[in-house]
Each structure stands twice: as C-alpha cells, then as structure tokens.
Amino acid sequence: MSDASPSLVRKYSGGAGAGPRSGPLILRPDVLIFLITLAALTIGATFLAEAGLISTAFVKTLGKTLCLCLAALAMDLVWGYTGILSLGHFAFFGIGGYAIGMWLMWDRTEGIVLDTLSRGPLPPTALEIEEQIGTQIFGVVGSSEVPWLWAFAGSLPIQLAFAVLVPGLIALIFGWLAFRSRVAGVYLSILTQAGTLALSLWLFQNDSGLRGNNGLSGLQNIPGLTDVPQSTLSLWFLWASAAALALAYLAAAWMVSGRFGSVLRGIRDDEARVRFLGYEVEHYKLAIFTVTAMACGIAGALYYPQAGIVNPAEIAPIASIYLAVWVAIGGRGRLYGAVIGAAVVSLASSWFTGGGAPDIELGFYTIQWTDWWLVLLGLSFVLVTLFAPKGLGGLVDLYTDRRAAKRNADLGPDAGALRKEEDA
Amino acid sequence: MSALLEVSGVSKTFDGFKAIDNLSFSINEPELRAIIGPNGAGKTTFMDLVTGKTRPDSGTIRYGELSRDLTRMSEARIARAGIGRKFQKPTVFEAQSVEENLTMALAAPRAPLTVLWRRNRARDRAAELAERVGLAAHLGRQAGTLSHGQKQWLEIGMLLAQDPRLLLVDEPAAGMTSAERERTTEMLVEAAKSHAVVVIEHDMEFVRRLDCRVSVLHEGRLLAEGTLDHVCADPRVIDVYLGRPEEEAAHA
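Take a look at the structure:
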C-alpha cells in the first residue's frame with residue numbers, strides 16, 4: 001500500500017488504539033508524548049516546590065490529580081474501549097483508600113499507644129495494647145472492640161495486597177454474576193450504581209467497623225516517616241503517583257494494542273459478532289472489569305494518603321458518575337483522552353470550588369462558583385456529548401488530520417476514501 | 001461422506017409464531033447446499049438455531065464426528081467447533097482496519113490471556129486472505145470506509161480466516177455487482193470442495209450458478225429438496241415461492 005496508509009491508520013484507530021501495525025509500544029507517538037509530558041510535569045513541579053514557588057497543598061493536589069487520572073484511565077478501558085458503562089469504579093478506588101488507610105491509622109495509633117503505655121510501671125500486655133488501640137480508633141463510634149475487618153491492619157504488605165485484591169475480588173464476583181447472565185448496557189450501569197450505593201450506605205453505619213461517616217483520618221501521617229516534613233512527603237507521593245500512572249498507561253496501551261484490543265473494541269461495537277467469531281465475550285468483559293477495578297484500588301491507595309482522609313462520602317454513587325463524566329469530556333476510547341479529561345475537570349473543579357474563580361456579578365444575582373460549578377460541569381457534559389462526542393482528546397485529531405491531509409492530497413470526497421486506490 | 005450437521009425435528013416458536021416447525025435437515029462434508037424460500041420462511045432463524053443465537057423449543061442439532069449437541073453450546077463454542085457464519089447485512093467492525101478485522105477472525109487461540117500474551121501478529125496470513133478477497137490494497141483502511149461490496153468481501157474473508165468446517169452464508173451476493181457475484185460464486189464453489197457450505201439466497205440466478213442441491217423452506221418447514229430444476233418443477237414450490245408470474249410466463 002502507498003505511504004498514505006500509516007497516517008490513515010492512525011487517524012481512524014482512535015489514537016491510542018493503533019492497530020497491529022504499530023512499532024515498539026514505547027516509541028508510539030501517543031505513548032512517548034504522554035510519558036515525556038508526565039515526566040516534565042513531575043520534574044517541573046518538584047523544582048518549583050523545592051524553590052518554594054508552589055505550596056505543599058498544590059503539590060498534593062497535583063499528586064491526587066494523577067491518581068484520578070489513573071482511575072480515569074481504568075474507566076476508559078472498561079467503558080471507552082470495552083463499552084461497559086460501569087458506574088461503580090470509584091467504589092474500587094475508595095476501597096483501595098480504606099485498605100491502606102487502615103494500616104496508616106492502626107500503625108500510627110499503635111505507636112502512640114505503645115509510647116503512652118510504656119510510661120506505666122508495668123510493661124503492657126498484648127491485650128492491653130489492642131484494647132487501647134481499639135479505644136483510640138473506634139471511640140468515635142462508641143466502641144473499643146477491634147472489628148474483624150481490622151485483623152491484618154497492623155501489616156503493611158497485607159493491607160497493600162488488600163488494596164488491590166479486595167477490589168479485584170469484588171469485581172470478579174460481581175462481574176461473573178452480571179456478565180454470565182448477560183446483563184449489559186443500562187441495566188449493568190444501574191446494577192453497578194446500586195452496588196456502589198449499598199457499599200457507601202454500609203460504610204456510613206457506625207457498626208460497619210470502619211468508623212461510619214467519620215471515615216479514616218490522619219492518613220497524611222506516614223508511620224515511620226514522622227520526621228519527614230509534609231513538603232517532602234508530598235513530593236514522594238507525587239513521584240509515586242506519576243510512576244503508577246506511567247506504568248498503567250504503558251500497560252493499558254499494551255492491552256489495547258493487537259488482537260486483545262481489537263476484541264475489546266469489537267465487544268463495544270458488536271458483541272454478538274465477536275461471539276460468532278468464537279471469542280467468549282463474558283471472559284473478556286470479566287477480565288477487563290477485574291483488572292480495571294484493581295487499577296482503581298491502586299489509584300485509591302495512592303490518593304488517600306495525600307488527601308489525608310477517606311470517608312463513605314467518597315464512595316457515594318456520584319463519584320463514579322464523575323469518573324464517567326471525566327472520560328466523556330476527555331474523549332472515550334483513547335487513553336490520553338481519559339487522562340486529559342480527569343486532569344482538566346478535576347483541576348478546574350478544585351479551582352472553581354476552592355474559591356479560585358472570581359464570582360460573577362450580574363447586578364441582580366451573583367454567580368458563586370462553589371454553587372454553580374456543578375451546573376457548569378453538567379452543561380459541559382451535555383455540550384460535549386451532543387456536539388463533540390470525541391471530547392477534548394478529539395482536538396488532537398484536528399492536528400493529525402491536517403497533517404494527513406497535507407501528506408496525501410488524494411483524499412477522496414468522503415472521509416477516508418483514497419481516490420487513488422478507488423480508481424486503481 | 002458422512003453428515004456433518006444433522007438437524008432433526010427442530011421447532012421454534014416466537015410469541016406464538018412458528019418460525020421453524022419440525023424441521024429436519026442434514027449436510028455432508030464436503031457439500032454445497034442452497035436454501036431458498038420466501039420471506040419469513042425461517043431461513044435466518046435456521047442459521048440462528050445452528051449457531052446458538054437462538055435455542056430450539058424441541059428437536060436436536062448434532063454436529064461432527066462426536067455428534068455434539070449444538071443446542072447446549074454457547075455461540076462462541078459453536079464457532080470454535082468450526083461453524084462460521086456470514087450475516088445477511090455485512091457485519092464487520094467498522095471502526096477497525098481491514099487487517100484488524102481479518103486478524104481477529106483468524107483461526108488461533110481465543111482465550112483472553114493467550115490472546116493478550118501471544119502476539120504473533122499473523123500479518124502474513126491476514127495479508128494472504130486480503131489478497132484472496134481482493135482487499136490487499138486496503139489492509140490499513142478502516143472497514144467502515146469500504147464500499148458495500150468490499151464489506152461483503154471482507155466478511156467472506158473473515159469467514160475463511162476462521163477456517164470453519166461448516167460455512168453458513170446468508171445472502172452473500174446482496175448488493176454486489178454482477179462481476180462481484182461471479183467471484184463470490186467461484187469462491188463458494190471452491191470452498192465447497194473441502195467444506196460444507198450452506199448458502200441462503202433469494203436470487204434464483206445466483207442459486208442456478210451455484211449448481212447444487214437446493215432445500216426449499218416454507219413457513220418453517222422443508223418443502224422440497226433436490227436440484228434446482230427439480231424443486232422448480234414441484235407445484236408446491238411454484239405455489240408458495242416462485243409465484244404465478246413464472247407460471248403465467250410458461251403459459252404464454
């Protein structure tokens with residue numbers, strides 16, 4: 001085929017979904033540009049922070065934003081590529097946060113309790129220590145007993161594993177039940193939303209064992225690193241978040257390339273046809289649902305130590321809907337679209353709701369962005385859905401299309417038709 | 001020669017409408033068979049039953065040397081067992097390139113992990129298939145930008161890529177130019193030398209060119225079977241399908 005083809009391929013395969021004819025993954029334009037941008041941002045933020053030009057709070061906002069980007073990336077895989085509109089992936093994010101939060105709280109409390117008890121005349125017994133920790137952590141919900149959920153809270157490796165495995169296991173069981181019965185489309189969305197609501201309602205209860213609506217707090221204090229100032233810790237977490245996002249991006253780009261990616265996009269566009277080609281659609285859906293849930297767990301485990309607190313409100317159904325909104329605004333079915341969407345919308349959200357945006361005086365009414373931001377977001381979502389279904393990521397096409405047009409003057413009347421080829 | 005597919009006494013009712021009524025049908029390997037019948041005769045439902053999209057209310061569908069019961073297998077397993085299907089409306093993945101469409105269809109392991117890890121790109125095989133169906137120059141093109149006839153070809157290519165033993169082909173010539181029809185005929189006749197091929201077709205001229213046994217379906221039942229001339233001479237067939245015009249023409 002003529003040298004016109006590669007640009008056309010790139011144009012139509014939705015950027016990141018480049019087909020089997022692409023070269024080494026890391027050298028693909030979208031992957032390379034993404035990694036360089038991410039590295040530049042992280043290094044730049046580090047220098048600015050060291051120079052005192054940006055605050056520790058802002059570094060934390062950046063780090064948290066990267067974690068949200070990672071969750072959006074997972075959402076794009078499951079929705080943008082595979083067509084499963086899960087409205088529950090942020091619950092997995094929250095579970096990851098709870099899992100790591102339990103260790104953070106337990107270990108820090110244990111340190112304080114040991115310190116206090118060691119001043120007594122007798123060395124404390126294990127029972128005394130546990131009772132004291134229980135009172136410290138669960139006093140707020142009127143209990144001093146340590147719930148069974150906290151059995152491994154003292155072990156960092158186990159809680160880290162839980163941050164990934166619990167979301168994975170829940171997704172596996174939920175997905176197996178749902179996909180096996182061929183629940184799809186809006187019914188699946190409703191089911192995931194219901195599951196998320198159930199989880200958050202359960203967490204709100206005081207006897208859930210996870211401190212009810214108080215959630216877990218003080219998570220910014222990392223046991224063993226109490227001497228490290230928050231300004232330094234925030235940079236460490238920024239780097240960890242950036243590394244996690246970079247790895248996830250590479251993994252996602254690898255997954256959506258080649259035949260596996262073809263099958264995913266095939267399921268999105270016509271799942272019955274994929275079945276008739278001999279692929280077990282349910283197995284693919286289950287795999288992607290579970291893997292993305294685990295990715296969300298990792299994102300949450302990195303996010304909440306930076307946020308400092310995780311509570312049931314974080315898991316509320318609306319959070320998962322935001323995740324879908326970010327991906328839609330950023331551009332479904334292209335990996336960088338999800339990242340752009342999450343970054344732009346969540347940073348704009350903190351700017352508008354954090355008092356950064358000036359109020360607008362209309363004379364008869366003052367638009368206060370803390371109240372009106374959601375209206376603006378909702379409006380942008382509707383406008384993007386109606387007029388720019390490719391989202392912000394679609395802007396990239398404007399550039400690649402123009403380059404493609406320059407290089408192949410022989411584009412036919414309808415998009416993608418190569419006049420030369422047709423005539424041949 | 002032994003029966004590759006054995007459909008016996010199959011019935012399927014949709015909301016009181018008998019789409020398939022006590023139908024029996026069998027095909028050998030290799031064999032080329034055309035199924036004709038008026039609209040609503042149950043031709044497409046028949047394909048749905050064999051490929052597992054629809055489950056019969058009664059009757060059995062047995063396949064292969066092991067006489068596996070297709071009514072108990074999932075669509076994907078039936079496809080992997082060697083039954084390939086081409087849809088009436090060209091059904092290709094329009095958002096993906098010709099090469100990606102063909103690669104997805106190529107006979108290879110289908111389990112998610114295997115597909116993810118083993119990345120033999122099989123580009124030679126995809127290219128070879130594209131050559132066979134006249135799309136070699138369009139490998140990188142998005143399937144949605146192909147012409148109707150080219151999409152039909154791509155789907156035929158995908159069918160061949162699966163390397164099935166039994167090919168179920170629903171109106172392959174629809175929307176094709178006469179030159180394309182001729183090539184399609186050749187290809188089906190060629191495939192039927194080593195495979196079992198069932199062609200559903202409306203176009204009698206096309207069926208005549210296939211020159212094979214014909215099964216006539218009517219109201220979900222098998223009305224007649226034999227050569228095209230034989231079934232065309234059957235008064236019942238004339239009555240329900242070929243209609244009066246030909247009869248009148250014969251009298252004229």
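From first to last, the protein sequence lines stand for chains A and B. Residues in the first sequence are numbered from 1 upward in steps of one, following our numbering. Residues in the second sequence are numbered from 1 upward in steps of one, following our numbering. Each residue gets a CB set at the ideal place from its N, CA and C atoms; glycine is no exception.
| query | result |
| --- | --- |
| Under 8 Å between C-beta atoms of A:Leu191 and A:Ala178 | yes |
| Proximal residues to A:Ser241 (C-beta, below 6 Å), its chain only, five neighbours per side dropped | Gly63, Leu66, Cys67 and Leu302 |
| Check whether A:Thr82 and A:Ile267 have beta carbons under 8 Å apart | yes |
| The stretch 94 to 110 of chain B contacting the stretch 173 to 184 of chain B, beta-carbon criterion three pairs below 8 Å | no |
| Other residues of its chain near A:Asp107: CB distance less than 6 Å, five sequence neighbours each side excluded | Pro223 |
| Whole-number beta carbon distance between A:Val274 and A:Gly94, since they are thought to touch under 8 Å | Their Cβ separation, rounded to whole angstroms, is 32 Å, which puts A:Gly94 and A:Val274 out of contact at 8 Å. |
| Interface residues of the stretch 248 to 267 of chain A facing chain B [CB-CB below 9 Å] | Trp254, Met255, Ser257, Gly258, Arg259, Phe260, Gly261, Ser262, Val263, Arg265 and Gly266 |
| Beta-carbon spacing of B:Pro90, B:Lys53 below 8 Å | no |
| Bounding residues of the beta strand (DSSP E) (the contiguous stretch that carries B:Ile61) | Ser58 to Tyr63 |
| Members of the stretch 272 to 304 of chain A that neighbour chain B once the beta carbon cut-off is set at 9 Å | Ala272, Arg273, Val274, Arg275, Phe276, Leu277, Gly278, Tyr279, Glu280, Val281, Glu282, His283, Tyr284, Leu286, Ala287 and Ile288 |
| Pairwise C-alpha distance: A:Glu271 and A:Met105 | 45 Å |
| N-terminal and C-terminal residue of the alpha helix (DSSP H) that A:Ala49 is part of | Pro29 to Glu50 |
| Own chain residues within Cβ distance below 8 Å of B:Leu159, not counting five before or after | Gly84, Arg85, Lys86, Ala105, Leu167 and Val169 |
| Other residues of its chain near A:Val59: CB distance less than 8 Å, five sequence neighbours each side excluded | Ala45, Ala49, Ser231, Ser234, Leu235 and Leu238 |
| Interface positions of the stretch 390 to 401 of chain A facing chain B (Cβ-Cβ less than 9 Å), listed along the chain | none |
| Beta-carbon gap between B:Ala130 and B:Gly157 smaller than 8 Å | yes |
| A:Lys60 (DSSP reduced to helix, strand or coil) | helix |
| Delimiting residues of the beta strand (DSSP E) encompassing B:Lys86 | Ile83 to Lys86 |
| Residues near B:Val207 by beta carbon distance below 8 Å, same chain, minus five either side | Ala34, Ile36, Val199, Glu201, Val214 and Leu228 |
| CB contact below 8 Å: B:Leu116 versus chain A | yes |
| Within chain B, partners of A:Asp270 - CB distance below 8 Å | Thr91 and Phe93 |
| Candidates B:Trp153, B:Glu190 and B:Ile61: closest to B:Met176 by CA position | B:Trp153 |
| Residues bridged to B:Gln142 (per DSSP) | B:Ser97 |
| Pair within 8 Å by beta-carbon distance, A:Ser380 and A:Ile318 | no |
| Amino acids of chain A, ordered along the chain, whose beta-carbon sits closer than 9 Å to that of B:Ala79 | Arg275, Phe276, Leu277, Gly278 and Tyr279 |
| Three-state secondary structure assigned by DSSP to A:Ile360 | strand |
| Cutoff 6 Å; reference B:Ala192; Cβ partners in own chain excluding five residues on either side | Pro30 and Leu32 |
| A:Ile267 - DSSP class collapsed to helix/strand/coil | helix |
| C-alpha gap between B:Glu186 and A:Gly300, whole angstroms | 59 Å |
| Option nearest A:Gln132 by Cα separation, candidates A:Pro123, A:Glu145, A:Leu122 and A:Pro121 | A:Glu145 |
| DSSP-derived helix/strand/coil call for A:Lys285 | helix |
| A:Phe289 versus A:Gly195: straight-line alpha-carbon distance, rounded | 14 Å |
| Stretch pair the stretch 122 to 137 of chain A + the stretch 248 to 259 of chain A: three plus CB contacts closer than 8 Å | no |
| Partner residues on chain A for B:Pro112, Cβ-Cβ distance less than 9 Å | Phe260, Val263, Tyr279, Glu280, His283, Tyr284, Leu286, Ala287 and Ile288 |
| C-beta atoms of B:Ala95 and B:Gly59 nearer than 8 Å | no |
| Distance between B:Leu188 and B:Val92 (C-alpha atoms, nearest Å) | 19 Å |
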